[in-house]
Each structure stands twice: as structure tokens, then as C-alpha cells.
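The structure appears right after this line, and notes come after that.
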Amino acid sequence: MIASQKVKEGKLVKVEVECDGFIKKIKITGDFFLHPEDILEKIEKSILGLRKDTGTEAIASRIHEITGANDAQMIGVSPESLALVIREALK
1 MIASQKVKEG KLVKVEVECD GFIKKIKITG DFFLHPEDIL EKIEKSILGL RKDTGTEAIA
61 SRIHEITGAN DAQMIGVSPE SLALVIREAL K
């Protein structure tokens, strides 16, 4: 399943997801910036195993946890925007 969207912060986000009832694989790409760069991999890993019907707020909360714990900066995207595109891909 794939979703691609220009988020409210102005950048393009693309999400590819494989799932049965749970998220088995996820790849997030786009023209946004994250610092440190390896934070995207940590975000993707934190999403694995979530139920397909997990809500946007719960996904955004998981992303906030990862970015906060790693003092990460998100430029051109927010945890909420990423969560919205992930939810769109899961539909």
C-alpha cells in the first residue's frame, strides 16, 4: 500500500507499507529533512508491529517519542503530518 502527499509544512511525503493485520514493513521517503539522519530508520522501526487500524494520534505519539528521545529536528514535516500519510497508506 502506498500514499503520497504534500503535507501542510510544504514538503512531499511518500509512505509504502506492507501489512496483514499489523504493519510488517514501512518505508518513508520525501523531500523533507531530519537531523540526525538516522532518525528516520528509528521512526520506521517504531511503527513496525502496530495494528493496521492504529489511529493517527497514536502513530504521531510514537513519532514524538522517538524524535524527543533523540533530540531530533524535523524540517518540512511534523510527526502529525507523517502520521496522516501513514494512515492514508493503511486505508
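Heads up: the sequence shown is residues 1 to 91, going by UniProt numbering.
Think of the CB as a built atom: it goes at the ideal place given N, C-alpha and C, for glycine as much as any other residue.
This structure is a prediction, so every number in the text was calculated from the model and none was measured.
Open item on the list: Would Glu18 and Ala89 qualify as a contact pair, given that the criterion is a beta-carbon distance under 8 Å?
Closed with: no
Open item on the list: Less than 8 Å between the beta carbons of Leu84 and Ile28, yes or no?
Closed with: no
Task: Cβ distance (whole Å) where Ile75 is taken to contact Phe32 below 8 Å - done: 6 Å
Open item on the list: Within a Cβ cutoff of 7 Å, which residues of the same chain sit near Ala72, ignoring the five residues on either side of it in sequence?
Closed with: Leu34, His35, Pro36, Ile39
Open item on the list: Less than 8 Å between the C-beta atoms of Thr41 and Ile26, yes or no?
Closed with: The question names Thr, yet the displayed sequence has Glu at residue 41. Not a contact, by the Cβ cut-off of 8 Å.
Open item on the list: Helix, strand or coil for Gly21? Go by DSSP, reduced to three states.
Closed with: coil
Open item on the list: To test your reading of the DSSP string, which unbroken beta strand (DSSP E) runs of 3 or more residues are found completely within the UniProt domain "Lipoate protein ligase C-terminal" (15 to 67)?
Closed with: 23 to 30, 33 to 35
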